Amino acid sequence: MIKVKREKIKIVLPGEVVKVGDIKTTTEVIKLDDKLVSTLIGIPKMKRRRGERVLSVLPLKTPYIPKEGDIVIGKIVDIGVTNWLVDINSPWKAILPISEVLSKPVNVSKIELKDYLNIGDLIVARVIAFDLTRDPLLTIKESRLGKATRGLFLELSSWDWLLLKSKEKTLLRGVKKKANCNIVLGANYRVLMIGKGLEEELKALEIVRETLGRRST
Amino acid sequence: MSRIEHVIPLIKQKTIRALLEKGERLDGRKPMDFRDVEINVGVIDSAEGSAIVNLGNTMVIAGVKLGMASPFPDSPNSGALIVNAELIPLASPLFEYGPPKEEDIEISRVVDRGIRSSKLIDLEKLVIVTGRKVWFVYVDLYALNHDGNLLDACMLAAVSALLTARKPKTRIEGDHIEILDEKEPIPIGNTAISITFAKIGEYVVVDPTYEEELAMDARLTICYDKEGRIVAIQKGGSGYFTSEEVIDLGKKGLEISRKLISKLPTPLSE
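Line by line, the protein sequences give chains L and R. Read in order, the letters of the first sequence correspond to residues 11 to 227 in the working numbering. Read in order, the letters of the second sequence correspond to residues 77 to 346 in the working numbering.
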């Protein structure tokens with residue numbers, strides 16, 4: 011195990027034994043006899059799930075794995091007959107059906123889907139269904155969800171995003187106060203800053219960069 | 077499981093264009109600023125010459141290998157240069173394994189053309205026995221990280237690797253050619269450098285990042301040699317450049333190329 015001295019963080023490598031014993035694990039840790047072996051580079055962590063101790067490894071870099079209820083920032087990449095295909099920075103492509111966009115029933119043969127959402131449009135959406143075997147289902151039929159008509163868009167690494175998320179409250183307040191901007195932290199490691207104009211958004215970007223502590227964006 | 081698409085969010089495109097209107101770019105550069113270049117040579121022990129080039133976050137590795145072979149029938153007293161570029165999935169999720177695609181081939185062709193027409197290597201000095209045995213110079217380029225402008229990064233890597241490459245000395249005894257352990261620099265006659273411009277809307281920027289490449293309409297690559305002569309030119313994308321723009325960019329590129337040439341390693345043969 012590599013030990014980062016100052017921070018006292020343990021980092022495990024793929025194939026490394028994290029722990030020995032009979033403990034429940036998440037999918038990134040596999041059991042070989044009584045050894046618990048990590049399958050990725052990350053930080054081992056004990057969690058509590060339904061009262062039980064569960065061993066997991068927090069990956070240093072990961073794509074987004076959808077979870078029901080998450081707010082994500084998606085990018086329309088394809089238009090189907092009755093749905094849109096949305097890239098959500100994940101191994102799965104999300105599906106956004108018409109029924110989750112429009113409130114009234116429509117005749118698909120009479121409308122053009124691209125009049126509502128076109129390829130390249132960004133949406134703030136919520137994952138309403140996902141079970142690892144089928145593509146995640148999105149909705150934008152809620153308040154604060156929908157198409158983003160303007161804003162500054164950032165894609166972060168999972169680690170940078172977690173850093174932002176841990177300081178979410180101060181960040182939101184700071185951006186609102188200093189830059190007069192709203193900031194959306196999509197669970198899929200994407201960030202959208204929406205202000206009145208580009209000036210405000212660039213100011214918000216500066217605050218995000220300060221929070222991250224380096225020029226990584 | 078899905079493939080990542082070449083789609084840039086429309087909002088991002090708007091941001092890039094709005095910034096360019098003010099003469100700025102997303103990463104804080106001015107339109108005619110080249111990113112920081114970092115060149116490390118001699119990174120592969122088993123290659124005759126090698127280099128890693130960092131151009132911002134773009135990273136390319138180049139290796140030079142030499143092989144003895146019969147010359148091509150139409151040029152019996154000249155060696156040969158073979159450039160091969162590969163964009164591997166390590167560099168970006170957009171690239172896939174398999175036979176080279178259009179992008180890979182374009183890069184290797186443009187790099188090859190720049191090196192060849194600037195006469196960077198004196199191919200005629202690579203002859204061992206006229207008409208029978210010559211040296212073939214293989215330049216292999218691999219993208220390690222893709223953040224735009226792979227073409228200029230590949231050019232810098234290929235040239236840096238060639239400038240510091242060594243070839244083994246040979247001794248001829250009758251019909252037999254013996255390769256000696258002793259090495260000498262390969263004959264270098266010039267330098268080549270390429271500068272890529274991207275046209276986004278009505279604005280032109282140099283050294284586009286990945287996002288700017290997605291937002292651009294057209295791309296123009298100009299290769300210069302040591303004396304500032306234009307040795308090759310390549311245009312890509314579906315947009316257009318006006319003739320005034322091309323002439324103007326030719327001059328602007330020359331200034332940038334002079335700065336870049338000073339960053340190249342000094343040739344071993346000098």
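A virtual CB, placed ideally from N, CA and C, is assigned to each residue, including glycine. For clarity, every value in this text was computed on a predicted model and none was experimentally measured.
Segment limits, alpha helix (DSSP H) that includes residue i
i               : result
A274 of chain R : Unbroken run through A274 of chain R is the beta strand (DSSP E), A268 to I276; no alpha helix (DSSP H).
G329 of chain R : S319 to I337
L96 of chain R  : L86 to E97
L70 of chain L  : Counting along the chain, L70 of chain L falls outside any alpha helix (DSSP H), and DSSP gives it neither H nor E.
D188 of chain R : E178 to S193
L170 of chain R : No alpha helix (DSSP H) holds L170 of chain R; DSSP gives it neither H nor E.
Cβ-based neighbour list, residue i, same chain, cut-off 7 Å, excluding 5 preceding and 5 following
i               : result
G118 of chain R : S126 and T240
D97 of chain L  : G84, K85, V87 and K103
I19 of chain L  : I53
R160 of chain L : I204
P101 of chain L : P73
Chain R residues whose Cβ lies nearer than 7 Å to that of residue i
i               : result
K85 of chain L  : V83 and P85
L132 of chain L : P85 and I87
A158 of chain L : I87
Residue i versus residue j - alpha carbon distance
i               : j               : result
M203 of chain L : V218 of chain L : 10 Å
E165 of chain L : K57 of chain L  : 28 Å
M11 of chain L  : E114 of chain R : Model confidence at M11 of chain L stands at a pLDDT of 49, short of 50, so the residue's coordinates are unreliable; what they give is reported in the following sentence. Computed Cα separation, rounded: 32 Å.
R93 of chain R  : K106 of chain R : 13 Å
G31 of chain L  : L46 of chain L  : 7 Å
T221 of chain L : G132 of chain R : 22 Å
R334 of chain R : V210 of chain R : 33 Å
L118 of chain L : T92 of chain L  : One point to set straight first is that residue 118 of chain L is Val, not Leu, in the sequence displayed. Rounded to whole angstroms, V118 of chain L to T92 of chain L spans 7 Å at the Cα level.
K141 of chain R : E258 of chain R : 16 Å
K151 of chain L : N128 of chain L : 17 Å
W169 of chain L : L68 of chain L  : 10 Å
V64 of chain L  : S168 of chain R : 34 Å
I323 of chain R : G265 of chain R : 27 Å
T134 of chain R : E249 of chain R : 48 Å
M77 of chain R  : I105 of chain L : Here M77 of chain R scores only 39 on pLDDT, less than 50, and its place in the model is too uncertain to base an answer on.
V205 of chain R : L325 of chain R : 44 Å
D301 of chain R : E331 of chain R : 12 Å
V235 of chain R : L195 of chain L : 43 Å
T180 of chain L : T342 of chain R : 51 Å
Q89 of chain R  : P147 of chain R : 50 Å
K188 of chain L : V28 of chain L  : 44 Å
N160 of chain R : V137 of chain L : 44 Å
N225 of chain R : V134 of chain L : 31 Å
Bounding residues of the beta strand (DSSP E) (the contiguous stretch that carries residue i)
i               : result
A237 of chain R : It is not in any beta strand (DSSP E) - A237 of chain R instead sits in the alpha helix (DSSP H) that spans L226 to L239.
K179 of chain L : Looking at the DSSP string, K179 of chain L is not in any beta strand (DSSP E); the run it does join, the alpha helix (DSSP H), is E178 to G184.
T149 of chain L : L147 to T149
Cβ shell of residue i (< 6 Å), same chain only, five flanking positions each side left out
i               : result
L142 of chain L : none
V185 of chain L : C191, I193, A214 and I217
G312 of chain R : R295
K55 of chain L  : S66 and L68
I137 of chain R : I128, Y218 and L220
Beta-carbon neighbours of residue i, restricted to chain R and to distances below 8 Å
i              : result
L65 of chain L : Residues of chain R passing the Cβ test: none, with the nearest at roughly 27 Å.
Closer than 7 Å: residue i CB and nearest the ligand MN heavy atom
i               : result
E182 of chain R : With respect to the ligand MN, the structure shown offers nothing to examine, as it has no ligands at all.
Checklist line | Against chain R: residues of the segment 161-187 of chain L by CB proximity under 9 Å | finding: Answer in chain order: G161, L162 and F163.
Checklist line | Residues of the segment 86-98 of chain R whose Cβ lies closer than 9 Å to any Cβ of chain L, in chain order | finding: Cβ contacts with chain L come from L86, I87, K88, Q89, K90, T91, A94, L95 and K98.
Next item on the list: Using a Cβ-Cβ cut-off of less than 9 Å, list which residues of the segment 103-131 of chain L approach chain R; keep chain order.
Entry: When CB distances to chain R are screened at a threshold of 9 Å, the residues of the segment 103-131 of chain L falling below it are K103, N128, I129, G130 and D131, in chain order.
Next item on the list: Pull out every residue of the segment 201-225 of chain L whose Cβ sits closer than 7 Å to any Cβ of chain R, in chain order.
Entry: Residues of the segment 201-225 of chain L with a C-beta less than 7 Å from any C-beta of chain R: L208, listed in chain order.
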